[in-house]
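K.L.:
Could you have a look at this structure, given as structure tokens, before my questions?
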Amino acid sequence: MSRASSAEGGSEPFFHFHCVSSLRKFDRVFVLKDKQNSNLVWFWCGLKFLKIIDTKSPVETPTQLLIRDIEENKFNPEVVEHIYEHNPILKYTQGPLYAPLLPFPYGSVEHTYHSGKGYGSVREEAVRIFNCLQQLESVREPVPIIQGVLQTCLDLRPLRDEVYCQLVKQTSYTPSPYTAAHLRYWQLLTCMSCTFLPGPTVLKYLRFHLKRIQSQSPESEMDNYASFISEALDKTKCRECVPSWEEIQMLMSRQEMLCTVHYPGPGSCQLYISSHTTANEVVRRMQEKLGLQDSKNTFALYEQNALWEQPVAGSALIADVLTRFKNITTKESESKSQWKLCFKLYCLLDADNISVDSIEYLFLFEQCHDMVVRGQLPACEEDLQALAALRLQCLMGDFSTHVPCPPLDELYPGRMLETQVLVSLSTPQAMPPCKGAAQGCPTMQRFPTGLLAGTLWSHTATVAHKQKVEQDIRLRSRLKEEAAAVMASILERWKGLAGYNRRDSMAAYLAIARQWSGFGCTLYEVDFYISSTGSFSQKLWLGVAATSVSLYKQGESEALESFPYGQICSYGVSDSNTFKITAGDRDLLFETNKLTEIMQLMNAYFNAIHRQRGKGEDPDITITESTEMSFRHLAPTPTPTLLELPSHPV
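Shown next, in the form of structure tokens:
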């Protein structure tokens with residue numbers, strides 16, 4: 282930079298340089314100042330030139346060129362062997378890697394932040410990962426390193442091809458190929474192949490490498506891993522989550538995981554799953570295992586805990602769902618945050634022809650009872666107590682003082698109990714009239730804000746707090762009294778059911794439930810509803826059933842409005858929390874946080890209707906030709922899973 286002086290001795294330099302610190306990779310940045318701006322033109326042109334270079338494709342690396350040579354000569358083994366023998370960059374090394382094997386864009390020197398994790402530049406991360414790979418040979422427990430590499434590659438997509446190439450390098454021409462240390466590379470390659478795929482060029486190179494290893498080392502552990510990886514590459518789609526500790530251990534030994542799937546009632550099944558098993562596959566296997574292949578109703582997998590559930594999308598990977606269960610951290614008690622997979626009825630297309638002796642009838646009974654306990658089956662108090670008594674008879678048999686009863690909240694809707702108590706406590710008490718007000722006493726609002734702070738306001742707040750505490754105590758006391766009274770009434774009804782067997786109790790239970798016209802529908806809470814005709818309501822239920830969509834006031838049995846599917850022209854998501862249905866010339870808008878579930882269920886019912894029509898069956902649903910032509914989703918959804926059907930065969 283000293284050459285910046287003019288040829289004319291003693292004159293000022295063209296540019297003044299000021300060294301400043303930089304956040305980029307370079308150690309220094311020089312800021313140029315000049316008295317004559319015209320002298321900066323040439324330097325500005327140079328900066329432009331550098332910017333053009335920065336946006337150009339990176340220069341090919343030796344590894345990239347060699348991969349191309351191998352692809353072009355893959356049918357000529359002698360040439361391929363010659364390439365490997367004369368290019369150590371393709372072969373195993375115990376030394377460090379100073380630069381990535383593959384090129385990265387020139388602009389990829391910035392640090393990257395992903396989900397709160399700070400990464401270096403992709404070039405730095407590529408070199409760091411190679412060091413991690415080499416540590417696999419000596420560590421006692423490889424799973425943490427494997428998880429870390431997978432997480433980095435899942436976060437930083439450009440690194441995936443690089444790490445695949447690094448693993449191909451470390452599994453080529455290894456001095457001790459059959460040792461446990463060397464097999465760690467194959468185990469990581471196995472986990473990678475079940476988590477995400479490389480790009481097309483690297484995928485071809487990887488497949489060639491696997492075939493080459495199989496031909497060179499038949500009937501070996503490397504051959505077994507190569508065969509497993511080849512099959513995995515045909516099935517793998519990019520995962521949502523990094524495989525769990527358990528899954529990685531299973532992959533390292535090329536085994537399947539054992540998955541527990543619950544179903545309504547106390548039952549469960551155990552199935553072996555791979556990293557590629559989808560919810561649809563599990564549903565089909567559960568139907569076969571439970572003899573439900575010929576059912577006209579459809580089934581789905583649900584992810585649920587004691588407080589919440591939702592259907593699992595049909596294409597979702599069960600391994601991802603199980604990993605998400607392990608990763609969820611909640612502040613709830615352990616029993617309430619225990620997540621599980623449950624196989625349940627999804628679309629109830631034919632509730633009348635289910636055999637009383639079938640397990641499907643048990644599903645119907647258990648899922649109906651879940652609705653009752655959640656307060657989603659409108660019924661009077663007498664019917665609810667009768668249902669609770671029948672539930673006890675079904676579970677416990679004839680009444681006995683020696684058998685402990687389940688808690689009331691497992692038999693009777695807690696919402697109904699609270700409503701009854703609140704109504705009884707809401708009777709207004711007569712308050713003495715304010716004499717001051719009659720005499721024109723000024724109200725508190727006439728005093729400036731804060732004038733009485735610490736005196737009247739603090740006294741009022743203390744009184745209000747004391748009243749609230751007393752109210753809470755009174756409410757809890759009344760709830761206990763009401764619960765005891767309801768339980769006593771249920772027990773009396775239970776005594777009267779002596780002699781009822783399990784089958785009779787279930788049939789009587791469902792007979793009461795079927796009295797509701799919406800029996801069989803799935804209810805979703807709607808915070809807000811408005812119609813183009815001017816109708817407006819808050820806090821409703823949207824019931825999605827086999828033949829129609831209906832609106833109910835919460836707790837009421839009669840539908841406010843009902844729209845048969847034959848009248849629905851279109852439906853879909855209009856924004857992040859609004860669902861829209863067009864029925865005839867009416868537009869209906871619903872504000873709800875259950876958009877995905879409503880969309881999935883309506884999709885499933887419409888598909889079932891079309892499937893039945895294709896088989897020549899009469900589903901008792903009339904769909905006009907105009908409806909079929911205009912059936913569409915109103916707006917593109919923010920994520921593909923929104924339009925995705927849940928886990929049932931369609």
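Each residue of the sequence shown is one higher than the one before, counting from 282 in the working numbering. Glycine included, C-beta positions come from ideal geometry on N, C-alpha and C. Just so you know, these numbers come straight off a predicted model, no measurement behind them.
#1: Does the Cβ of Val-637 have 16 or more other Cβ atoms within 10 Å, making it buried, or fewer, making it exposed?
#2: Specify whether the segment 816 to 825 and the segment 834 to 847 touch according to this definition: at least 3 beta carbon pairs, one from each stretch, less than 8 angstroms apart.
#3: On the CB-based measure, 16 or more other CB atoms within 10 Å of its CB, does Trp-775 come out buried or exposed?
#4: Can you name the start and end residues of the alpha helix (DSSP H) that Leu-440 belongs to?
#5: What is the DSSP secondary structure of Thr-724, reduced to helix, strand or coil?
#6: Quick one: grab the DSSP three-state call for Trp-598.
#7: Hey, does Arg-409 have any beta-carbon neighbour from chain B nearer than 8 angstroms?
#8: Since Gln-568 is in the alpha helix (DSSP H), which residue starts that stretch and which ends it?
#9: Got a sec, what are the start and stop residues for the alpha helix (DSSP H) Pro-343 sits in?
#10: Comparing C-alpha positions only, which one of Met-503, Leu-760 and Ala-660 sits nearest to Leu-469?
#11: Opposite Trp-223 in the DSSP bridges: which residues?
#12: Is Phe-509 helix, strand or coil when you go by DSSP?
#13: Can you tell me whether Asp-442 is buried or exposed, with buried defined as 16 or more other CB within 10 angstroms of its CB?
#14: Can you name the start and end residues of the beta strand (DSSP E) that Ala-667 belongs to?
#15: Put Tyr-553 into one of helix, strand or coil per three-state DSSP.
#16: How is Met-471 classed by DSSP in three states: helix, strand or coil?
#17: I need the straight-line Cα distance from Leu-417 to Leu-378, nearest angstrom please.
#18: Since Glu-842 sits in a beta bridge, which residues does DSSP pair it with?
#19: Please classify Gln-497 as buried or exposed, where buried requires at least 16 neighbouring CB atoms within 10 angstroms.
#20: Inspect the CB distances between the segment 526 to 541 and the segment 551 to 565 and report whether three or more fall short of 8 angstroms.
#21: Considering only the beta carbon of each residue, do Pro-384 and Val-340 sit closer than 8 angstroms?
#22: Per DSSP, what kind of secondary structure is Glu-773 in: helix, strand or coil?
#23: Can you grab the Cα-Cα spacing for the pair Arg-696 / Met-567, in whole Å?
#24: Find out if the Cβ-Cβ distance for the pair Thr-517, Leu-478 is shorter than 8 angstroms.
#25: Is it the case that the segment 835 to 853 contacts the segment 672 to 691, given that we only count it when at least three CB pairs across the two stretches are under 8 angstroms?
#26: Suppose contacts are defined by Cβ-Cβ distances below 8 angstroms. Is Glu-935 in contact with Leu-440 by that definition?
#27: Where does the unbroken beta strand (DSSP E) through Arg-535 begin, and where does it stop?
#28: So the candidates are Arg-409, Tyr-846 and Arg-783; which of them puts its Cα closest to the Cα of Leu-382?
#29: Rounding to the nearest angstrom, what Cα-Cα distance links Ser-829 and Asn-884 in this structure?
#30: Hey, Ala-600 and Pro-592: beta-carbon distance below 8 angstroms or not?
#31: Just mark Ile-370 as buried or exposed, buried being the case when its beta carbon has 16 or more other beta carbons within 10 Å.
#32: What residue range does the beta strand (DSSP E) around Lys-949 cover?
#33: Are the beta-carbon atoms of Ala-827 and Leu-629 separated by less than 8 angstroms?
#34: Have a look at Glu-647 and Glu-878 and give me their C-alpha separation to the nearest angstrom.
#35: Would you tell me roughly how many angstroms separate the C-alpha atoms of His-746 and Glu-763, rounded to the nearest one?
#36: So, for Trp-467: in the same chain, excluding its five sequence neighbours on each side, which residues have a beta-carbon less than 7 angstroms away from its beta-carbon?
P.N.:
Let's see:
#1: exposed
#2: yes
#3: buried
#4: 440 to 451
#5: Because Thr-724 carries a pLDDT of 42, less than 50, the predicted location of this residue cannot be relied on, and the following value inherits that uncertainty. Residue state, collapsed to three classes: coil.
#6: In the sequence as presented, Trp is not what sits at residue 598; that position holds Leu. The answer is strand: DSSP assigns Leu-598 an E or B state.
#7: Absence of chain B from the displayed structure is noted, only one protein chain being present.
#8: 560 to 571
#9: 343 to 353
#10: Met-503
#11: Given a span of 282 to 931 for the chain in the structure shown, any question on residue 223 remains unanswerable.
#12: helix
#13: buried
#14: Per DSSP, Ala-667 belongs to no beta strand (DSSP E); it is in the alpha helix (DSSP H), 662 to 677.
#15: strand
#16: Per the sequence presented here, residue 471 reads as Thr, with Met not at that position. If DSSP states are grouped into helix, strand and coil, Thr-471 belongs with the helices.
#17: 15 angstroms
#18: Leu-832
#19: exposed
#20: yes
#21: yes
#22: helix
#23: 34 angstroms
#24: yes
#25: no
#26: Since the displayed the chain opens at 282 and closes at 931, residue 935 lies outside it and no answer follows.
#27: Looking at the DSSP string, Arg-535 is not in any beta strand (DSSP E), and its letter there is neither H nor E.
#28: Arg-409
#29: 13 angstroms
#30: no
#31: exposed
#32: The first residue shown for the chain is 282 and the last is 931, placing residue 949 beyond what the model contains.
#33: yes
#34: 21 angstroms
#35: 25 angstroms
#36: Thr-452, Met-503 and Tyr-506
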